[in-house]
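A.B. asks: For the numbering used here, add 96 to where a residue sits in the sequence shown, where the first one is 1.
Ideal Cβ positions, reconstructed from N, Cα and C, are used throughout, including at glycine.
Take this structure first; my questions come after.
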Amino acid sequence: MKVYILTLFPEMFRPVLESSILKRARERGLIAVTLVNIRDFAHDAHKTVDDYPYGGGPGMVMKPEPVYEAVEWVEKDLGRKPYVILLTPQGQKFTGAVARRLACLRDMTLVAGHYEGFDERIRYLADAEMSIGDYVLTGGELPAMVVLDAVSRFIPGVLGDEESAMEDSFSDGLLEGPQYTRPPEYRGMRVPDVLLTGDHRAVERWRRKASLRRTLERRPDLLKEACLTYEDRRLLEEVMKERQKETQE
Ligand code: 4F9
97 MKVYILTLFP EMFRPVLESS ILKRARERGL IAVTLVNIRD FAHDAHKTVD DYPYGGGPGM
157 VMKPEPVYEA VEWVEKDLGR KPYVILLTPQ GQKFTGAVAR RLACLRDMTL VAGHYEGFDE
217 RIRYLADAEM SIGDYVLTGG ELPAMVVLDA VSRFIPGVLG DEESAMEDSF SDGLLEGPQY
277 TRPPEYRGMR VPDVLLTGDH RAVERWRRKA SLRRTLERRP DLLKEACLTY EDRRLLEEVM
337 KERQKETQE
């Protein structure tokens with residue numbers, strides 16, 4: 097996938113692009129990232145990219161011209177219309193399901209704004225607006241990194257066989273259950289016996305049930321949307337009975 101990132105702070109992205117999985121994905125040619133400095137498209141000698149809001153008020157607003165021209169530069173470089181995503185708190189909620197869909201795109205252009213906001217006309221450039229959560233940040237850079245990271249993990253080959261994105265929390269709409277590694281007992285905390293047995297079917301059943309239990313306890317809202325098999329529903333019944341017993345004790 098070809099990714100363009102339009103920002104006033106390209107240096108913020110370098111450490112992220114040069115670390116671990118994203119670095120490996122770029123080296124393998126699975127993702128190509130181009131950082132585009134919006135300031136390079138400013139018109140005046142002062143490289144102005146923001147201005148006072150019409151009608152008054154606090155803060156500065158990003159001017160439309162540099163962002164429009166930066167997107168036009170991307171279109172030329174790419175040789176076709178890019179898919180443009182604006183990172184804003186007013187956008188569609190970015191979820192794992194959205195990330196998985198975006199991973200099918202040939203290209204993705206992330207526009208990170210700064211200052212108090214964008215000139216409204218910048219929104220007309222975007223195919224989508226995305227929010228990573230209900231909070232305001234100092235800019236769209238961190239959200240752009242979040243989107244890039246989450247989308248990358250769904251691009252085939254980015255994760256090794258050992259680290260499939262399909263096994264993670266949310267991939268089937270449930271949270272992951274607890275995981276353990278050695279030692280079998282640490283400071284009195286024991287690894288559940290079933291995991292030490294080597295009985296793969298019993299382990300799988302235990303994992304599924306633990307995942308259902310954790311989702312019920314922490315995110316019952318997810319259970320309504322999750323796609324559960326007949327066996328899942330039976331395991332969930334068991335969990336609910338166990339929890340009832342636990343509260344009676
Ligand atoms: C963007 C916050 C997406 C959350 C952009 C300030 C933002 C944001 N999700 N905050 N600029």
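Any heavy atom of the ligand 4F9 within a distance shorter than 7 Å of the CB on L270?
C.D. replies: Answer for L270: no, Cβ out of range of the ligand 4F9.
A.B. asks: What does DSSP give as the partner residues of G361 in its beta bridges?
C.D. replies: Since the first and last residues shown for the chain are 97 and 345, residue 361 lies out of range.
A.B. asks: Helix, strand or coil for L345, going by three-state DSSP, please let me know.
C.D. replies: First, the amino acid is wrong: residue 345 is Glu here, not Leu. If DSSP states are grouped into helix, strand and coil, E345 belongs with coil.
A.B. asks: What do you reckon, are the CB atoms on F292 and P274 nearer than 8 Å?
C.D. replies: Contrary to the premise, residue 292 reads as Leu rather than Phe in this sequence. Not in contact: L292 and P274 (Cβ atoms no closer than 8 Å).
A.B. asks: Sorted by chain position, which residues of the same chain lie with C-beta nearer than 6 Å to G192's C-beta, five sequence neighbours on each side aside?
C.D. replies: Answer for G192: F266, listed in chain order.
A.B. asks: Can you give me the Cβ contacts of G269 inside the same chain, cut-off strictly under 7 Å, excluding the 5 residues immediately before and after it?
C.D. replies: The answer, listed in chain order, is L318, E321, A322, C323.
A.B. asks: Is it the case that the CB of L77 approaches a heavy atom of the ligand 4F9 more closely than 7 Å?
C.D. replies: Nothing can be reported for residue 77: it is not among the residues displayed for the chain, which extend from 97 to 345.
A.B. asks: Which of helix, strand or coil does DSSP assign to V299?
C.D. replies: Three-state result, V299: helix.
A.B. asks: Could you check which residue in Q188, G236, P106 has the C-alpha nearest to that of R135?
C.D. replies: Closest option to R135, Cα to Cα, is P106.
A.B. asks: Does the Cβ of D245 have 16 or more other Cβ atoms within 10 Å, making it buried, or fewer, making it exposed?
C.D. replies: Exposed, because fewer than 16 other Cβ atoms sit within 10 Å of the Cβ of D245.
A.B. asks: Where does A224 sit, in a helix, a strand or coil, going by DSSP?
C.D. replies: The answer is strand: DSSP assigns A224 an E or B state.
A.B. asks: Look up V170 in the DSSP assignment and say whether it is helix, strand or coil.
C.D. replies: It is helical.
A.B. asks: So does the region 173-192 actually touch the region 204-213, counting three or more Cβ pairs closer than 8 Å?
C.D. replies: Yes: the two stretches touch, three or more of their Cβ pairs being nearer than 8 Å.
A.B. asks: Which residues mark the beginning and the end of the alpha helix (DSSP H) in which K143 is found?
C.D. replies: Neither: K143 is in no alpha helix (DSSP H) and is coded neither H nor E.
A.B. asks: So does I228 have its beta carbon nearer than 7 Å to some heavy atom of the ligand 4F9?
C.D. replies: Within the cutoff, so yes.
A.B. asks: Cα separation between Y358 and Y150?
C.D. replies: Nothing about residue 358 can be reported from this structure: the residues present for the chain run from 97 to 345 only.
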